[in-house]
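Note that the sequence shown covers residues 1 to 1253 in the UniProt record's numbering. Note sheet for the following structure.
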Amino acid sequence: MTGILVQFKRCLAWKPSWLSLFSFTTKKHIPTLCFAILFAALASASSPVFATLLGEAFNSLALFGSDQISAHELIQKTKTSCIKLACLGVYSWFCNSIYFILFIIFGELQVANARGTLFDGLLQKEQEWFETQQDGTRTFLSCLQAQIYELQKSTSQPLGLLLQYSFRAIGSLTLAFCTSWNLSLVTLAGIPVFSAMASFISSKMKLNIEAQQAELASASKVVNSTTTSIDTVKCLNGEAFELHNFSNRIDGAASQFLKQARLNSIQIALIRLMTYGMFVQGFWYGSSLATSGRLSPGDVLRTFWACLTAAQSIEFIMTQVIVLDKGAIAASALKKTLNRQTKGGGPKEMEGAVYPHHCDGDIEVSDVSFSYSSQPERLSLNSASFFFPAGETTFVIGKSGSGKSTLGQLLTRIYSPTSGEILVDGYPIQTLSKSWIRNNFTLVEQRSVLFNESIFMNIAFGRHDYDQIRKEDVQECIDLAMLQSVIDRMPNGIDTCVGYGGSFLSGGQKQRIVIARARLRDTPVLIMDEPTSALDGANRHEVIRAIREWRKGKTTIIITHDMSHIMDKDFVYVLDQGSVVQSGYRYELEKVLGNEDFFPSNEEDYQLDNCGDSILSESADMPHDKNRRISSVIMGRLSIVPTPQETLQLADFTDRGTRHESSKNKDQMKSLFQIMLTIIPNLTVGQRVLLLLGVLFTLCHSSTTPIFAYFLSKLQVTFFNKRSALKWALAVLGVSISDGMVSFFMHYFLSLCSQAWVDCLRKRAFRRVLAQPKKWFEEENSPSQLTACLARDGEEMREILSRFGGYALVATSIAVIATVWSLAVCWKLTLVALSVGPVVYAITRGFERISGLWDRRCNEARGAASEVFVETFSEIRTVRTLTLEPFFRGKHTKALLKCLTTGLRKAGYTGFLFGLVESVIVFVSALIIYYGGLLVSVLEYTVEDIMTVLSMLLFSIGYAIVVLSWIPQISVSRERGSRLLQLANLAGASHERLGYLRVATPTPVKITRLNFQYPSRPDTPVLKDVSFTIPENSCTAIVGLSGSGKSTIAALLLALEETPASDSVPAISLGGVDIRDLHTPTLRSVVAIVSQQPTIFPGTIESNISYGLEGPLRDPRNVRDAAKAAGIDEFVSSLPQGYSTVIGDGGVGLSGGQAQRVVIARALVRRPRILILDEATSALDPASAEIIRHTAQKLVASQVGLTVVIITHANEMMAIADNVVVLEQGRVVDSGPYKTLAKRPHLQALINDQHRT
């Protein structure tokens, strides 16, 4: 079915149409859809039958009014009509319930298939396809979730309502033509013209919908990048900058929505004009037919009622059209995503791909060149050749951006070379099965990727049979990675969940888990990219020894900046600008003139060589196939890279069950009334005036229905009193014109105010989110959840006022006007109608509550499925290299099954209540018609009075019932609105907002008896009685083993964590002022930090360096000077677009070292008074690290008012410091000049660890 529809669309070259809604319909879904359509048609049949029975009842009243039947006959006829109405009510209840249930089921089946198809389709996409998404991978994935939601929303109840209204319109028109074809033609003469105009306007709206979605995607990108890098944003005072960016995107989306709202309002106004305008000629002609006896009064009324039902059905169809338009656009975008290919293609699986029985691990790379699609003109590898013999350990080194990491990705077939050849055991790599490559190759990347599972599962993922792995099976791996001490400190040991991306762990802890996983995997070929960069010296030394022992006789390729990993008899390739410029054994390269600094010959510094024979691989003495090694030395000097450290501390390890409960308790849904109370406070004075006008126009609009009902009753009287109907026809003309104009202003003003209201809440919510402390983001507020709430939830919330609010007010106003009018005419009949009010209220209230409850449960299930989806494809490279596609497919399928079962249960629980709400009008009509007949029969009221009251009550009740049928959609909007309001009402009492003092000179920095523990671990002290001073214009190095509290001090100095209060002397003072009293933005403007993990924002290189700055500091010359000092200017200038090159998500990818130098330039351009370098050179090659070291040394020596704090393990960095503070287990164990401390045991132990490695 889907294939036929797709081919049909292609033949007609259609733009996204409603046929797109069925893009994910399968043969299994067709029975559900067919039965849903059938029952929608059956349910819609109740409307013409209802019109027929009303015609019978009114005809009986007209006959009695003209003295053609007696009172007894009137009662009998009325009783018969009411019994028929009661039976019709039961029928309507059943059919409406079944059609609603089936369409909810169809929507759930559609979205389940869409999610599954999309998941499987994206698994087939190449890595480059993800990396070339315009807005970046994470934003792209968030947009996919929004599109899936739009598809589900449109293919469930809205699609059912549209079909039901359509069938109702068709059935009513059929009834009208069967009753009196000539009266129907006269009455409906204007419908084709108005319908064509409305259809034309609808096609124009699609362009605005697409433009609005694009703007919302940009806003999502801002939220996602900001919340993902919130620490950096705060340190750089970037909150106002990001809020401005977000506001601009939201304003752009609002502009597109208002264009859409204007067209939609015109469309609705035309439909309203058509609805009443068609009776202008119909009133006159119908009256003439009745008075001449050619048509009975009942037939005239039946024809009018059927035509009116058809017109109202078309009006209500228009309220669902925009929902279906959005769904069609979303479905079309999803199909386009599945069909879109990578430019130039990626590494394709050849038909009949080879799957050898054994892998020796012999790898030959011949003249390979490669360029990324984001930089096609720049070769990352340029005619590079390598040979990696089976069973040997080979090293690849070079400057940042020289192509080292690219080589690893080519060897694992993440990418295919642009030219050249790669042979594995003699087979061209493109002829080998991808599955074989990934089962025999392991790539440990520089960025350690973990999944939202336990530590145990993250290690077990190293094996295909991860579900069969026992804890005893991973103990050897834990020991090799020196992970046991980390596990022992976890709240749940090895079963502790690590969070998304391992967010609850430090860099070093994550790296150890990845190494343990690689050990369990134990493939013939292992490629390690900076495998120990996040470990301290002692741990790095032991881990490398263990890796060498483990990899004896197996092919191992180690990409590194750390020369201490390389022994005399290790073979080394040196890359520079994508080419191999040196190769040979270390002992050979050391003898080459000019390489003294590159390979220091001091045996004391390389104790590994002294004991190396016992741990070298079997082939380390001399490879047998030495002739295939290439030696050529053409490279300048390099220095030893400083050793890094674990800089992050253990975060909040609250287990997921507790976290879920706290989130559940916190998430209290607000009532519709509470939500609507927030409208006026969030509007400007001008917008409030427009809202008032919108309400007034709504009241005017609501008055037209009872006025029309009154005119209709007057017409009915002319059927038996033989008066002229011309004046009532002219009166209807006035009603139709005025109602059309009023309807336009009502809808447009309400849409305008609703957009302003939601945008105000969005901006306030984002402002409050940015004001939250760091720990808030570590709790349960993931970037994907925040992005969905600020973008998608706002769209749903807006409909409370723009789409539902107006109609609800109209229904209420109509009910009030009709009730007051009816009370004045016939209070007895009106009171009988009002007596059923409590019953109707109880039914609708129960429907609302149950619908809201199941909406929350469905949203939780969808959220879980979305998290799995985003996690899988945001880390797709690691998923593929570990061949975890089956695991994540199973996990996603399980989440989809949960969504589906929850949705089906929702359908069952809410369906029968929906049917009851829809059929209430039939039961109420039977009651009031019977009682009205009784009142007329005893001559207590005239037929004219009873007809007037019946017309007004039935019109008002009918309108109200239509609005009540939207309760499921209103419930969704209420739930989404509650989430957005929750963010908008976040407390602003963060410690970052308490300070008020501004200091120009933040030095000296005095730390006095500082004790600190993280709020999530109050029983685990991190800093214990720490005291030392950082003088002005000095350089202080803070050193110590991993976990000693160094980075915690840096976080406290930037107010990322709250400094404990002190009764006497401040725990931390800057320039003599307690840090708790300092104005945080001012503090962060004079203190800059360069962290070990670089953060790059989506944007140009220039905007990244000048991020968050204003005034002269943003000058391009200042930016370039900072880039030169950071050693990145030469690389940036070599790019085609220079400093205007877009980087970050959706832009040009940078190597780790290049990204770190951009971050260093960002810190230098700010001209801070205090500069903190937290392992700033750990990701840099030796030459770049030397540049940064000289820059730091120059800044310190220049005495320009700069105070430098260096957190490091590197002796070279310690040596430039005036003072060294040694931390051990959170305590200061020594401090003083470097030369003095180097002779003392504490610092000497650290230096020896550095020398050993």
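Using N, Cα and C, we set each Cβ at its ideal position, and we do this for glycine too.
Looking only at its chain, what residues have a beta carbon closer than 6 angstroms to the beta carbon of residue i, apart from the 5 residues adjacent to it on each side?
i: I429; result: I422
i: Q687; result: C753, A756
i: Q110; result: F24, T155
i: L33; result: F106
i: Q969; result: none
i: A176; result: S184, T303, A306, C307
In angstroms with no decimal places, state the Cα-to-Cα distance between residue i and residue j.
i: G344; j: C143; result: Residue placement at G344 is flagged as unreliable, the pLDDT there being 49, under the threshold of 50; the coordinate-derived value follows with that caveat. Each residue's alpha carbon lies about 25 angstroms from the other.
i: T1020; j: Y415; result: 45 angstroms
i: T1203; j: T431; result: 58 angstroms
i: L270; j: F888; result: 51 angstroms
i: S154; j: A1176; result: 51 angstroms
i: F246; j: A240; result: 10 angstroms
i: P1098; j: G1144; result: 4 angstroms
i: Q409; j: I250; result: 39 angstroms
i: E944; j: L173; result: 27 angstroms
i: A788; j: G190; result: 44 angstroms
i: S20; j: Y355; result: 41 angstroms
i: Q1244; j: K763; result: 54 angstroms
i: A1185; j: K399; result: 10 angstroms
Residues in its own chain within less than 7 angstroms of residue i by CB, not counting five upstream and five downstream?
i: N682; result: W757, C760, L761
i: S919; result: G89, S92, W93, N96
i: L381; result: V368, S369, F370, G403, T406, L407, G578
i: R1240; result: D1230
i: R862; result: C899
Please tell me whether residue i and residue j are closer than 9 angstroms, where the distance is taken between their beta carbons.
i: L520; j: V574; result: no
i: R976; j: G794; result: yes
i: E799; j: S990; result: no
i: D325; j: K206; result: yes
i: A311; j: P48; result: no
i: A808; j: V963; result: yes
i: V1165; j: V1119; result: yes
i: P1136; j: E377; result: yes
i: L1010; j: I1068; result: yes
i: E885; j: N452; result: no
i: D562; j: R540; result: yes
i: I814; j: T705; result: yes
Assuming residue i is part of the alpha helix (DSSP H), what are its boundary residues?
i: T555; result: It is not in any alpha helix (DSSP H) - T555 instead sits in the beta strand (DSSP E) that spans 555-559.
i: residue 1269; result: As displayed, the chain neither begins before 1 nor continues past 1253, which places residue 1269 out of reach and without an answer.
i: D231; result: 230-235
i: S579; result: Element bounds for S579: not the alpha helix (DSSP H) but the beta strand (DSSP E), 579-585.
i: N96; result: 71-123
Which residues in the same chain as residue i place their Cβ atom closer than 8 angstroms to its Cβ, once the five residues preceding and following it in sequence are excluded?
i: V444; result: V514, I515, A518, L526, I527, M528, D529, P531
i: C858; result: C899, T902, G903, K906
Terminal residues of the continuous beta strand (DSSP E) containing residue i?
i: V1228; result: 1227-1232
i: E421; result: 419-424
i: E1224; result: 1219-1224
i: F912; result: Run containing F912: none in the beta strand (DSSP E); it sits in the alpha helix (DSSP H), 885-937.
With a threshold of 9 angstroms between beta-carbons, can residue i be considered close to chain C, or not?
i: S965; result: Within the model displayed, chain C is absent; a lone protein chain is all it includes.
Does the ligand NAD have a heavy atom nearer than 8 angstroms to the CB of residue i?
i: M205; result: As far as ligands go, the structure on display features none, and thus does not contain the ligand NAD.
Checklist line | In chain order, each beta strand (DSSP E) run of at least 3 residues that lies wholly inside the stretch 496-544 | finding: 525-529
Checklist line | Inside the stretch 943-991 only - alpha helix (DSSP H) runs reaching at least 4 residues | finding: 943-964, 967-984
Margin query: Which complete beta strand (DSSP E) runs does the stretch 1125-1188 hold, if anything under 3 residues is left out?
Written below: 1170-1174
Check: For the stretch 186-260, which segments carrying the beta strand (DSSP E) assignment without a break, of at least 3 residues, lie completely within its bounds, in sequence order?
Finding: none
Checklist line | beta strand (DSSP E) segments (min. 3 residues) lying fully within the stretch 411-460 | finding: 419-424, 441-444
Checklist line | Ranges of the alpha helix (DSSP H) found wholly within the stretch 720-779, counting only runs of at least 4 | finding: 726-771, 774-777
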